[in-house]
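Student: Each step along the first sequence adds one to the number in numbering that gives the first Met the number 0, with nothing skipped, and position 380 is 379. Ideal placement from N, C-alpha and C gives every residue a C-beta, glycine not left out. It should be emphasised that the depicted structure is a prediction, and the values quoted were computed from it without experimental measurement.
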Amino acid sequence: MRIEVLGKGAVDLADGARYGDLVEKLALADVLAVAVGDRILELFRPVEAGQVRLLTFADPDGRRVFRHTAAHVLAQAVKRLYPEAKLAIGPPTEDGFFYDILFADPIGPADLARIGEEMEQVVAEDHPLQRQEISREEALADFQRADEPFKLQLIEALPQDALITTYSQGEFTDLCRGPHLVRTGLIKALRLTSVAGAYFRGNDQGPMLQRVYGTAFPTVEELERHFFLIEEAKRRDHRRLGPELDLFSFHDVAPGFAFWHAKGLILYETLVAFSHSLQQPLGYQEVSTPWIFKTELWETSGHAAHFKDNMFLMEAEDEAFGVKPMNCPGHCLLFKEATRSYRELPLRYAEYGPLTRRERSGTLHGLLRVRGMHQDDTHTFLAPEQIEQVVTEALGLVDAIYQTFAMPIEIHFSTRPEDHMGEEALWDRAESALEAVLQAGGRPYVTDPGEGAFYGPKLDFVATDALGRRWQVATIQLDFQLPIRFDLHYIDREGKEKTPVMVHHAIMGSLERFIGVLVEHFAGAFPLWLAPIQVRVLPISEKEHQAAKELAATLRLDGVRAEVDDRNEKVGWRIRAAEQDKVPYVAVIGQREVEAKTASVRERGGRDLGALGHEAFARKLKDHIAARWPGPGHLVDPAD
RNA sequence: GCUGACGUAGCUCAGUCGGUAGAGCACCUGCAUGGUAAGCAGGAGGUCCCCGGUUCGAUCCCGGGCGUCAGCUCCA
């Protein structure tokens with residue numbers, strides 16, 4: 000038979016051949032599994048009709064197959080060491096795998112080493128994997144006999160007509176739909192990383208299992224690189240760098256609320272100014288609305304019914320109030336203050352003020368998950384035929400901002416959740432409008448069914464940072480509900496009352512989260528335009544203190560954030576301090592520079608830019624700040 | 001919110017098998033006036049998270065609370 004292989008052309012195979020024979024014929028040692036249509040198949044499966052895609056570890060699907068088998072190796076090792084342990088589920092994850100297990104006695108981190116050694120043993124034994132299709136009755140009987148209660152629950156939850164399969168390796172058999180590697184020996188490098196609590200099927204009423212995490216790679220080198228990246232992520236952790244760089248802090252008596260220090264507030268204000276500079280030309284008007292409203296407003300908006308658990312509620316003079324978690328209801332009241340004409344649409348409000356959400360205590364995480372935040376929040380009231388224009392402009396804002404930080408973005412289209420309000424027909428209309436814009440822009444996107452807000456479908460944006468980590472940041476949400484709930488109208492061309500549509504968007508998202516992400520993305524070494532201190536002037540000795548102060552004052556007059564470090568320490572010590580503070584430029588002033596009216600400029604990282612005249616230095620700094628240059632670097636071109 | 005671990009100087013962390021504690025860095029002072037990532041010397045700094053219990057005595061053991069961390073769930 001003749002099989003079409005993606006990227007390899009047609010291959011002739013004997014009848015009854017398996018995919019492993021195909022891979023062997025092509026002499027490709029690193030193929031782990033194959034994809035035929037939307038199915039992923041093991042190499043031991045007989046060849047079927049249809050074009051074949053070869054999956055290696057470089058392919059996300061191949062990686063999942065590899066680590067799924069690693070999860071089985073973990074389960075096998077655990078059952079050898081703890082025969083009484085009960086297995087739940089063991090899937091691959093983005094960068095590893097886990098297995099949820101109920102141990103008779105909880106295990107601790109110290110037990111991981113022992114389990115890891117047994118896993119190495121299972122790998123060394125190089126068991127071939129086998130797949131069995133079994134009937135529902137057989138499955139129930141098998142796992143009854145094996146005394147695996149969670150597996151029985153899983154089988155019972157399967158649809159009556161589901162194909163039930165098990166996979167075996169050596170003495171170990173697991174309920175699993177696969178697919179898997181063909182041999183355990185392919186897992187050349189693995190490590191268990193942690194153990195944590197997890198509920199069976201995420202049900203916090205059920206038993207708490209222990210989730211054992213690990214990761215696996217085809218080579219030791221890849222495993223080591225993985226852990227290097229984890230170390231690098233720790234080094235960049237904004238919770239460490241933030242206080243270290245004097246940007247922000249937290250206090251036990253205000254969990255989830257940041258103290259913004261002077262240097263951190265510079266980041267905040269610079270980003271808000273950047274946002275404003277992009278949005279103001281599109282007609283967004285910055286406003287400020289109340290932050291505490293009577294419950295009546297939250298009932299109108301629907302927050303009382305759908306968001307109450309996430310709000311701080313309070314009482315004063317026998318009246319119930321709620322602190323705002325979002326700006327939209329306030330902006331609706333603003334819209335309603337006058338009779339609006341179609342000529343005013345799209346009417347756009349922007350607000351950067353504080354929002355408060357009562358996030359559950361266990362979810363708080365530095366700046367990335369807070370209770371007190373500021374968003375680059377906007378609400379646009381528009382006529383239905385303007386949806387495309389407004390959403391397209393918002394997509395342009397996303398591009399402008401994330402390109403500035405060289406962060407690629409991924410678009411998620413989230414559709415109606417179970418807990419939603421409004422008619423199905425309106426939801427259909429909103430969802431198809433968003434999809435139409437995405438398709439018109441020809442952008443790739445993924446659909447997340449059921450992930451929309453309770454008032455409308457949305458586009459969520461995931462940014463990738465310098466370490467390849469992904470962060471949920473921007474959101475653009477379409478809303479047909481709030482205008483109805485607030486009974487909003489505009490007068491159209493024919494003089495008739497019409498209901499406007501709303502678009503909510505936050506492009507940086509929460510400034511708190513965004514700054515947290517940027518701290519990690521840049522490892523605290525911000526580009527010049529964002530850096531809280533842009534230049535540190537460093538006199539060699541007391542004789543140059545005055546000249547240093549004068550240079551700093553001159554730079555400050557040009558809008559450059561410059562300061563003098565005249566501490567009683569040697570130059571080397573102060574250079575090191577500037578480097579640790581991640582200051583983009585150090586301007587050293589000694590006797591030579593005083594006489595020549597120059598400064599010797601050192602770039603963050605160590606490059607010596609030589610002596611620059613004061614005016615030339617200031618001009619270059621100003622230009623690069625205005626251009627939001629992603630540097631440091633390039634302040635002086637080699638050609639200069 | 002749930003499960004588990006943790007909470008000692010500004011930071012990173014030792015330590016006390018129950019007898020009120022220590023290092024490095026940072027900070028302050030003095031000497032040294034310095035040339036691109038750590039000069040030398042000295043000093044100050046602690047409610048050992050909070051509240052209760054056990055004990056002659058608790059930072060240490062027990063209980064509760066708060067916070068942090070890792071997960072679960074949720075999300076900007």
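Roughly how many angstroms lie between the CA atoms of H275 and R415, to the nearest whole one?
Tutor: As a working note, residue 275 is residue 276 in the first sequence. As a working note, residue 415 is residue 416 in the first sequence. Looking at the two C-alpha atoms, the distance is approximately 31 Å.
Student: Might you give, ordered along the chain, the residues of its own chain that have their beta carbon closer than 6 Å to the beta carbon of Q129, omitting 5 neighbours on each side?
Tutor: Stepping through the first sequence from its first residue, residue 129 is reached at position 130. Cβ neighbours of Q129 beyond the five flanking positions: S167.
Student: Measure the C-alpha to C-alpha separation of R235 and I588 and round it to an integer number of angstroms.
Tutor: If you number the first sequence from 1, residue 235 lands on position 236. If you number the first sequence from 1, residue 588 lands on position 589. Near 32 Å, if we compare the C-alpha coordinates of I588 and R235.
Student: Taking F56 and F65 to be in contact with their CB atoms under 8 Å, please state how far apart those CB atoms are, rounded to whole angstroms.
Tutor: Translated into positions along the first sequence, residue 56 becomes position 57. Translated into positions along the first sequence, residue 65 becomes position 66. Right, their Cβ atoms sit about 6 Å apart.
Student: If distances are taken between C-alpha atoms only, which option among A28, E230, G95 and R182 comes closest to A522?
Tutor: Here residue 522 is taken as the residue at index 523 of the first sequence, counted from 1. Here the closest residue by C-alpha is E230.
Student: From the DSSP secondary-structure annotation, give me the bridge partner or partners of R428.
Tutor: The residue labelled residue 428 in the question sits at position 429 within the first sequence. Partner(s): none; R428 has no beta bridge.
Student: Would you mind working out which of V582, Q159 and H520 sits nearest E136, comparing C-alpha positions?
Tutor: What you label residue 136 is simply residue 137 of the first sequence in a count that begins at 1. The shortest C-alpha separation from E136 is found at Q159.
Student: Roughly how many angstroms lie between the CA atoms of S641 and A429, to the nearest whole one?
Tutor: One cannot answer for residue 641 here, as it falls past the ends of the chain, which runs 0 to 639.
Student: Considering only their Cβ atoms, is the gap separating I100 from A112 smaller than 9 Å?
Tutor: The residue you call residue 112 lines up with position 113 of the first sequence. The residue you call residue 100 lines up with position 101 of the first sequence. Taking 9 Å as the Cβ cut-off, A112 and I100 do not qualify as a contacting pair.
Student: Using the Cα positions of T474 and H504, report the straight-line distance between them to the nearest angstrom.
Tutor: What you label residue 474 is simply residue 475 of the first sequence in a count that begins at 1. What you label residue 504 is simply residue 505 of the first sequence in a count that begins at 1. Going by the C-alpha atoms only, they are around 6 Å apart.
Student: Enumerate, from N- to C-terminal direction, the unbroken beta strand (DSSP E) stretches of 3 or more residues contained entirely within the stretch 391-415.
Tutor: Here the runs fully enclosed are 408-413.
Student: Quick one: what does DSSP say A452 is sitting in, helix, strand or coil?
Tutor: Numbered from its first residue, the first sequence carries residue 452 at position 453. Correct three-state label for A452: strand.
Student: Does DSSP put L12 in a helix, a strand or coil?
Tutor: If you number the first sequence from 1, residue 12 lands on position 13. Residue state, collapsed to three classes: coil.
Student: Do the stretch 490-509 and the stretch 325-343 touch if we need at least three Cβ pairs shorter than 8 Å?
Tutor: Yes, since at least three Cβ pairs between the stretch 490-509 and the stretch 325-343 fall closer than 8 Å, the two stretches touch.
Student: Between which two residues does the beta strand (DSSP E) carrying A253 extend?
Tutor: Locating residue 253 in the first sequence gives position 254, where the first residue counts as 1. Here A253 belongs to no beta strand (DSSP E), and DSSP marks it neither H nor E.
Student: So what does DSSP say about I539, is it helix, strand or coil?
Tutor: Looking up residue 539 in the first sequence gives position 540. I539 falls in the coil class under three-state DSSP.
Student: Whose C-beta lies closer than 6 Å to the C-beta of A643 among residues of the same chain, with five residues either side of it excluded?
Tutor: Any property of residue 643 remains undetermined from this structure, which presents the chain solely from 0 to 639.
Student: By the three-class DSSP mapping on this structure, what secondary structure does S276 have?
Tutor: In the first sequence, counting from the first residue as 1, residue 276 sits at position 277. Reduced to three states, the DSSP call for S276 is helix.
Student: List in chain order: all unbroken alpha helix (DSSP H) runs of 4+ residues lying wholly within the stretch 116-195.
Tutor: Correct list: 135-144 and 148-156.
Student: Closest to V585 by C-alpha separation, out of R591, N567, R560 and A595, would be which residue?
Tutor: Here residue 585 is taken as the residue at index 586 of the first sequence, counted from 1. Closest by alpha carbon: R560.
Student: By the 10 Å Cβ neighbour count, where 16 or more other Cβ atoms means buried, how is Q278 classified, buried or exposed?
Tutor: Residue 278 sits at position 279 when you count from the first residue of the first sequence. Q278 is buried by the Cβ-count criterion.
Student: Can you check which of these residues, P45, E124, E543 and V600, is closest to A16 by C-alpha distance?
Tutor: Here residue 16 is taken as the residue at index 17 of the first sequence, counted from 1. When only C-alpha atoms are compared, the closest one is P45.
Student: In the DSSP assignment, what residue or residues form a beta bridge with L381?
Tutor: Looking up residue 381 in the first sequence gives position 382. The partner list for L381 (beta bridge, DSSP) reads V500.
Student: Quick one: give me the first and last residue of the beta strand (DSSP E) that Y283 is part of.
Tutor: Stepping through the first sequence from its first residue, residue 283 is reached at position 284. Unbroken beta strand (DSSP E) run through Y283: Y283 to E285.
Student: CA-CA distance, P328 and S300?
Tutor: By one-based count along the first sequence, residue 328 stands at place 329. By one-based count along the first sequence, residue 300 stands at place 301. The alpha-carbon atoms of P328 and S300 are separated by roughly 6 Å.
Student: Tell me the DSSP secondary structure of K596 in three-state form.
Tutor: The residue labelled residue 596 in the question sits at position 597 within the first sequence. In this structure, K596 counts as coil in the three-state DSSP scheme.
Student: Beta carbon of Q189, beta carbon of T218: below 9 Å?
Tutor: Residue numbering aside, residue 189 sits at position 190 when the first sequence is read from its first letter. Residue numbering aside, residue 218 sits at position 219 when the first sequence is read from its first letter. Sequence inspection shows Leu at residue 189; the Gln mentioned does not correspond to that position. No; because the gap between Cβ atoms is not below 9 Å, this pair is not in contact.
Student: Can you tell me the Cβ-Cβ gap for N309 and E350, rounded? I've got them flagged as a contact below 8 Å.
Tutor: For the purposes of this step, residue 309 is taken as residue 310 along the first sequence, with counting starting at 1. For the purposes of this step, residue 350 is taken as residue 351 along the first sequence, with counting starting at 1. Wrong, their Cβ atoms sit about 19 Å apart, outside the cutoff.
Student: Does the Cβ of E614 have 16 or more other Cβ atoms within 10 Å, making it buried, or fewer, making it exposed?
Tutor: Within the first sequence, the letter at position 615 stands for residue 614. That one is exposed.
Student: Whole-angstrom Cβ separation of H302 and D418, contact assumed at under 8 Å?
Tutor: Position 303 of the first sequence, counted from the start, is the residue given in the question as residue 302. Position 419 of the first sequence, counted from the start, is the residue given in the question as residue 418. That belief does not hold up - the Cβ atoms of H302 and D418 are roughly 13 Å apart, past 8 Å.
Student: Using a threshold of 9 Å, state whether the C-beta atoms of T192 and T68 are closer than that.
Tutor: Taking the first sequence and counting its residues from 1, the one referred to as residue 192 is at position 193. Taking the first sequence and counting its residues from 1, the one referred to as residue 68 is at position 69. In this structure, T68 does not lie closer than 9 Å to T192 by Cβ.
Student: So which of E285, G36 and D375 has the shortest CA-CA distance to G508?
Tutor: In the first sequence, the residue the question calls residue 508 occupies position 509. When only C-alpha atoms are compared, the closest one is D375.
Student: To the nearest angstrom, how far is it from the Cα of L296 to the Cα of D486?
Tutor: Residue mapping note: residue 296 aligns to position 297 of the first sequence, counting from 1. Residue mapping note: residue 486 aligns to position 487 of the first sequence, counting from 1. One C-alpha to the other measures close to 13 Å.
Student: Between which residues of its own chain and Y401 is the CB-CB distance below 7 Å, once the five residues before and five after are set aside?
Tutor: Your numbering for residue 401 matches position 402 in the first sequence. Same-chain partners within the cutoff: I408 and A462.
Student: Kindly indicate which three-state DSSP category L86 falls into: helix, strand or coil?
Tutor: Residue 86 sits at position 87 when you count from the first residue of the first sequence. L86 falls in the strand class under three-state DSSP.
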